[in-house]
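Residue numbers (UniProt numbering): 1 to 711.
Everything on this sheet refers to the single structure shown next.
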């Protein structure tokens, strides 16, 4: 190993070496350079030379690509020697083509032997370091170089439960790494563990096909938040198993947990991350809180949600039991996945196994940081893309997941997302795929980002509609800027466009070409809850704020597109004014089941809206053409937005539906469309399919509320 290098040399392309001679070393001058590979020494051709203040840079051409499995020496004209280090060659397309490996990676177990395979193309040596138990002595197996940059080894014994890591030598430095393909890790994620997947088996429930994402009502929740409050009546509080318990009740005798969520009528529960993440102790979860956007091992369930993270199989079996408990209630599970960054790049397995490959660099050579977490995963590189595909497939098949929510999806390249959608739907045709399509500052050309701006390239993907959110709720980033539902009638045109899923029918710039691409929401785990924003804008006005909250939620549930609710939104969830609660305590983040009882009228209203949405296909039109044909704006007064769904008998029992959203404090009245008289089915306090008033020619809408008329 060369501890002191007189100068540095890097392989920057398959046939190109960059040599950097310091100015203090013979003034940085050399007339020629050689490359020595074993006993073979060849002269390189200098094709460029550039002087800098502290060094001279030489670009040299070589006739043959160096063998990546061996060490190489670079010599200058004085025959001074330095080792050839792996440079930016790893970020070239030629490198990707040469070393793309399409086979299985990780620890492949059988009772007789375990096969290890890791992708480390720039390593010259590799070992498996392992031990039978946590306190056993260490043992080592030498890995042999396999095809396309892999290293392989066989352990010919029964190795179930063994702890293991990889050791690789790159640029004459040894690195230790936990297997990124690990399916289980030790407590606190220090070692990968070998698993027998037969011992992780839980019977899967097959649900009937789901017809369209537009029939979904998504409910976003944290596993911990749903069950951690003592008043939840749940025994395994904050755990996977807490959401398998049935018959749990709050002190007022109302259902909690699994039973409660099932009673709402939602179709999908989108859980915040439950892969292995940093920030919460595996053995004392109460000591810390974290949402889970600090990825460690993407194919391993988070240990803090388990009743026993030290047990080899507990976390996997308990998670699978939770998922199947939801399936038994006909609730589908969407997994929040964070393939856009890792917790710490420098210590991640990806960086240790193939330094510089898995993460983007900016033009300045520094790590790209569109994620705001210090690194952006380079999804556009073939083996990074393969990891994402392999991981998605594993969760789909092993854990029976029903869909994926891609965190900061705009950092992922379009081609990866297109292929991911194709592969997911091949396994599960009715899977729901949604993501955050924000345009973030990563070193990827704008046209290659999976952003809302590129929605036409991603017809099978839904996007969080921030234009909907900001039109109805108000600015996310300016607390005191109110939205349409808060009484800001100046946003009425934008609200109408939002109602149509921003497909371009409302005379405002389109956002999407299909309603199935619009995820409509006014609240999620990020930023202020709807209630906290209302309380900040209108402090102490509880009665009116409840009405405005109801109005905003009604707009979500009765608009075209895919409705999305944040857990507890139906009873005016508060985080006590905390905008970003990702590391706040359980007191801030927990679902407050006592509050559900206090706001039970709100809960019943939301249940009614969900039932109403399901009752008629006019709330769930499939195409832009249908929306533009059937939906017209009906004249009302300055505070009221009325929307006529006309000639919609093909979708359900009513021929016409008219929704009216009043953002003023006073009762609004207007003439209903002529023809047959109308019946009212929704008011400020009642929602259903049975008329509460009949034979109407004039519509009345209470202040800060929604009304629905049908005929």
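Backbone N, C-alpha and C define an ideal beta-carbon position, used for all residues, glycine too.
Going along the chain, which residues of its own chain have a beta-carbon closer than 7 Å to the beta-carbon of residue 442, five neighbours each way excluded? 360, 368, 370, 376 and 411
In terms of residue numbering, what span does the beta strand (DSSP E) encompassing residue 261 cover? Counting along the chain, residue 261 falls outside any beta strand (DSSP E), though it belongs to the alpha helix (DSSP H) covering 257 to 264.
Please report how far the alpha carbon of residue 550 lies from the alpha carbon of residue 196, in whole angstroms. 50 Å
Determine contact between the region 505 to 516 and the region 536 to 550, defined as no fewer than three beta-carbon pairs at a distance below 8 Å. no
So residue 22 and residue 54 are supposed to be a Cβ contact under 8 Å. How far apart are they, rounded? 7 Å
DSSP bridge partner residues for residue 332 (one or two, in chain order): 268
Just grab the DSSP bridge partners of residue 578 for me. Beta-bridge pairing links residue 578 to no other residue.
Check each candidate in 386, 294 and 323 and name the one with the smallest Cα separation from residue 341. 294
Which residues mark the beginning and the end of the beta strand (DSSP E) in which residue 642 is found? 640 to 645
Thinking just about the alpha-carbon of each residue, which of 212, 471, 103 and 143 is nearest to the one in residue 389? 103
Would you list the one or two residues that DSSP bridges to residue 70? In the DSSP output, where bridge partners are listed per residue, residue 70 has none listed.
If you follow the alpha helix (DSSP H) that residue 204 is part of, which residue opens it and which one closes it? No alpha helix (DSSP H) contains residue 204, which DSSP labels as neither H nor E.
Below 8 Å on the Cβ atoms is my contact criterion, and I expect residue 170 with residue 122 to pass it. Report the Cβ-Cβ distance as a whole number of Å. 5 Å
Rank 533, 254 and 622 by C-alpha distance to the C-alpha of residue 579 and give the top, closest one. 533
Does DSSP put residue 240 in a helix, a strand or coil? helix
Any chance the region 316 to 331 sits against the region 392 to 404, with 3 or more Cβ pairs inside 8 Å? yes
Under the assumption that residue 61 contacts residue 47 (Cβ atoms under 8 Å), give the Cβ distance between them as a whole number of angstroms. 5 Å
Between which residues of its own chain and residue 687 is the CB-CB distance below 7 Å, once the five residues before and five after are set aside? 605, 608, 609 and 612
Supposed close pair residue 413, residue 449 - CB separation, criterion 8 Å: 7 Å
Between the C-alpha atoms of residue 677 and residue 500, what's the straight-line distance to the nearest angstrom? 25 Å
Judging by CA-CA distance, which residue of 180, 286 and 174 is the nearest neighbour of residue 229? 286
Beta carbon of residue 240, beta carbon of residue 274: below 9 Å? yes
Three-way DSSP call (helix, strand, coil) for residue 82 in this model: strand
Per DSSP, residue 143 is paired with what? Beta-bridge pairing links residue 143 to no other residue.
Simplified DSSP assignment, three categories, for residue 284: coil
Which two residues bound the contiguous beta strand (DSSP E) that contains residue 61? 55 to 61
Helix, strand or coil for residue 515, going by three-state DSSP, please let me know. helix
Beta-ladder partner(s) of residue 228, from DSSP: Partner(s): none; residue 228 has no beta bridge.
Report the residue ranges of all beta strand (DSSP E) runs contained in full by the region 493 to 561; include only those spanning at least 3 residues, in chain order. 518 to 520
Would you kindly report the start and end of the unbroken alpha helix (DSSP H) that includes residue 589? 586 to 589
What separation, rounded to the nearest whole angstrom, lies between the Cα atoms of residue 447 and residue 459? 15 Å
Separation of residue 409 from residue 498, as counted between CA atoms: 22 Å
Runs of 3 residues minimum, wholly inside the region 102 to 188: which ones carry the beta strand (DSSP E) assignment? 106 to 109, 114 to 119, 125 to 131, 139 to 142, 150 to 155, 163 to 170 and 173 to 177
Short check: CB of residue 495 to CB of residue 561, under 9 Å? no
I'd like to know whether the C-beta atoms of residue 232 and residue 211 end up nearer to each other than 9 Å. no
Does DSSP put residue 39 in a helix, a strand or coil? coil
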